[in-house]
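Here the sequence shown stands for residues 17 to 448, where the numbers follow our numbering.
Using N, Cα and C, we set each Cβ at its ideal position, and we do this for glycine too.
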Amino acid sequence: MEPEATMPLVEWTARNAAPLAASGADAPVDDLSALSRLIGSARVVALGESCHQIREYGLLRDRMLRFLIEEHGFTVYAAELATVSGRALDAWTRGADTDLDVLLTPNAGGYPTQSAEGRDTLRWLRAHNAAATCPVQVVGLDIPAAGGSLAPVLELVATRLAVIDPRAACYARAALELSEPLAGGSGFTAAQARLGLDATLQDRLSTVLGQLLNRVTVMREVYIDSAGPALYEDVVDDVWAAWRTDQMQRAMAALFDGNPDAADLSARDRHLADSLLNLLDRSAPDTRVVLVVHNAHIQRTVNPEGTPLPRIPMGHVLARRLGQDYVSMAMTSGGGTTVQNVPDPAHPAGMRQSATDAPAPVPASVEALFADTPAAPSLVDTRAMRAHARRHRLPEPTRIRMDDGFLPVPVLDAYDAIVHVPRTTLSADLAG
Numbered sequence: 017m018e019p020e021a022t023m024p025l026v027e028w029t030a031r032n033a034a035p036l037a038a039s040g041a042d043a044p045v046d047d048l049s050a051l052s053r054l055i056g057s058a059r060v061v062a063l064g065e066s067c068h069q070i071r072e073y074g075l076l077r078d079r080m081l082r083f084l085i086e087e088h089g090f091t092v093y094a095a096e097l098a099t100v101s102g103r104a105l106d107a108w109t110r111g112a113d114t115d116l117d118v119l120l121t122p123n124a125g126g127y128p129t130q131s132a133e134g135r136d137t138l139r140w141l142r143a144h145n146a147a148a149t150c151p152v153q154v155v156g157l158d159i160p161a162a163g164g165s166l167a168p169v170l171e172l173v174a175t176r177l178a179v180i181d182p183r184a185a186c187y188a189r190a191a192l193e194l195s196e197p198l199a200g201g202s203g204f205t206a207a208q209a210r211l212g213l214d215a216t217l218q219d220r221l222s223t224v225l226g227q228l229l230n231r232v233t234v235m236r237e238v239y240i241d242s243a244g245p246a247l248y249e250d251v252v253d254d255v256w257a258a259w260r261t262d263q264m265q266r267a268m269a270a271l272f273d274g275n276p277d278a279a280d281l282s283a284r285d286r287h288l289a290d291s292l293l294n295l296l297d298r299s300a301p302d303t304r305v306v307l308v309v310h311n312a313h314i315q316r317t318v319n320p321e322g323t324p325l326p327r328i329p330m331g332h333v334l335a336r337r338l339g340q341d342y343v344s345m346a347m348t349s350g351g352g353t354t355v356q357n358v359p360d361p362a363h364p365a366g367m368r369q370s371a372t373d374a375p376a377p378v379p380a381s382v383e384a385l386f387a388d389t390p391a392a393p394s395l396v397d398t399r400a401m402r403a404h405a406r407r408h409r410l411p412e413p414t415r416i417r418m419d420d421g422f423l424p425v426p427v428l429d430a431y432d433a434i435v436h437v438p439r440t441t442l443s444a445d446l447a448g
């Protein structure tokens with residue numbers, strides 16, 4: 017047997033990967049003991065995915081979420097959903113008489129905001145909350161329509177401020193009117209629309225949003241006296257969401273125009289991070305959060321200058337603030353079917369999604385390290401892998417799968433764990 021001192025990472029992974037059950041919400045949870053050891057007492061556990069709309073990721077994440085709630089007392093389910101949508105879904109999971117599919121109807125013909133598996137998770141949360149002494153809170157952390165429209169937050173802000181502060185309500189209505197030509201099913205459509213929009217109009221929108229943001233922050237005490245702190249916090253969060261949506265659209269338009277700025281592209285990730293940190297600041301000390309977003313948002317490391325990716329991901333902000341209270345788990349695969357996103361200005365979402373074969377793991381990718389593991393899902397603690405690699409000066413993985421390609425990421429620094437699925441298929445929404 018080869019001595020441990022020279023064990024390559026492929027062999028180390030095969031020996032140390034903890035096998036996981038592929039699915040079965042009611043299956044025994046013995047296989048998730050590795051998850052318990054990994055998270056310890058962390059307040060925030062991020063469950064990522066290399067691609068949205070993947071069935072196997074949704075099933076595994078559902079099991080992990082139930083385990084974290086039932087066995088470890090997690091109290092918040094935070095997702096890559098608009099803040100306004102999160103409030104409506106939270107009410108639904110607490111028994112509100114609304115239709116889940118209506119709540120999750122895509123904006124302007126875009127793609128579903130939750131996969132079929134994600135909707136099943138929400139149904140389980142509703143059933144759980146009906147009998148729970150302490151219901152699980154559902155929270156949306158994202159900007160509206162993933163950057164596609166300012167309308168969901170500006171309409172609500174204008175209505176809420178009509179009596180409290182008519183001047184601020186006027187700012188919100190003016191911004192709503194100015195942003196109307198930019199509304200679409202995603203940030204892609206809005207960014208593409210900006211390429212043909214007069215710069216003066218765009219500057220006017222940004223100016224009005226800045227006036228609105230200044231107004232609601234300086235009027236804090238007046239708003240709280242008039243409507244209470246809870247409504248004030250919602251209004252401030254929504255105005256920040258509108259302002260950052262405008263900044264994100266501008267950055268994406270610059271990207272499409274060939275002038276990317278990785279720092280400006282971080283507006284959305286900063287909002288995701290601030291939304292979660294604000295939630296923790298406003299919550300009881302024993303609040304524990306399961307965070308469900310894409311791998312690209314949860315990495316602990318920054319991205320280099322010149323990349324088309326946000327320079328400061330959400331996970332970096334959380335790691336700096338929370339330290340070991342933040343655990344980042346990337347979910348990836350060895351192959352199968354994945355989603356291909358192709359820009360298409362004619363599509364309501366600004367892109368077309370279709371099935372494509374997931375490329376084989378490339379050299380230096382973390383996926384290549386699972387070549388000798390059994391054909392079943394597994395979990396690896398990358399902190400232990402990193403210690404082994406650096407103790408023996410072994411080459412570390414520098415790539416991780418994203419959709420139908422691979423991203424340059426210092427994987428062992430970026431994530432605390434990797435969950436690997438041998439092969440993936442599409443969620444029912446796209447498979448049909």
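8 Å Cβ cutoff met for residue i and residue j
i      : j      : result
LEU51  : LEU395 : yes
GLN265 : GLY366 : no
LEU138 : LEU157 : no
ALA167 : LEU192 : yes
GLY200 : SER443 : no
ARG189 : ALA174 : yes
THR233 : THR354 : no
ARG337 : PHE90  : no
VAL152 : TYR93  : yes
LEU194 : LEU217 : yes
LEU428 : MET401 : yes
LEU307 : VAL60  : yes
LEU76  : VAL435 : yes
ARG79  : THR109 : no
THR348 : ASP420 : no
VAL251 : LEU229 : no
ARG316 : GLY331 : yes
Per-residue burial, residue i [other beta carbons within 10 Å of its own, 16 or more giving buried]
i      : result
PRO390 : exposed
ALA58  : buried
GLN69  : buried
MET17  : Bear in mind that a pLDDT of 37 at MET17, under 50, signals an unreliable position, so the number given afterwards is only what the model happens to contain. With fewer than 16 Cβ atoms within 10 Å of its Cβ, MET17 is classed as exposed.
GLU321 : exposed
GLU133 : buried
ASN311 : buried
GLU383 : buried
VAL179 : exposed
VAL437 : buried
THR114 : exposed
GLU87  : exposed
ASP214 : exposed
Rounded distance between the beta-carbons of residue j and residue i, thought under 8 Å
i      : j      : result
ILE159 : ALA257 : 5 Å
VAL100 : LEU177 : Between LEU177 and VAL100 the Cβ distance is about 15 Å, and since that is not below 8 Å, they are no contact.
GLY352 : ALA374 : 5 Å
ARG231 : ARG260 : Not really, about 17 Å apart at Cβ, beyond 8 Å.
ASP277 : ALA270 : 6 Å
ARG415 : ALA380 : 5 Å
ASP273 : LEU211 : 6 Å
ALA30  : ASP432 : Not confirmed; about 20 Å, so no contact.
Limits of the unbroken beta strand (DSSP E) element including residue i
i      : result
MET347 : 342–349
ASN319 : From DSSP, ASN319 is part of no beta strand (DSSP E); its letter is neither H nor E.
PRO151 : That residue, PRO151, is in no beta strand (DSSP E); it is neither H nor E in DSSP.
ARG415 : 415–418
PHE422 : 421–424
One or two residues paired with residue i in a DSSP bridge
i      : result
VAL435 : MET347 and LEU395
THR372 : THR354
ILE70  : LEU442
ASP158 : ALA98
MET367 : PRO359
LEU63  : VAL308 and MET345
TYR93  : VAL154 and VAL306
SER381 : ARG415
Below-8 Å beta-carbon distance, residue i vs any chain C residue
i      : result
ARG415 : No chain C appears in the structure shown, which is made up of a single protein chain.
N-terminal and C-terminal residue of the alpha helix (DSSP H) that residue i is part of
i      : result
LEU130 : Per the sequence shown, the amino acid found at residue 130 is Gln instead of Leu. That residue, GLN130, is in no alpha helix (DSSP H); it is neither H nor E in DSSP.
VAL308 : First-last for VAL308: 305–308, but that is the beta strand (DSSP E), not the alpha helix (DSSP H).
VAL251 : 245–272
LEU36  : Run containing LEU36: none; DSSP gives neither H nor E here.
ALA184 : 182–195
ASP115 : Run containing ASP115: none; DSSP gives neither H nor E here.
ASP285 : 283–298
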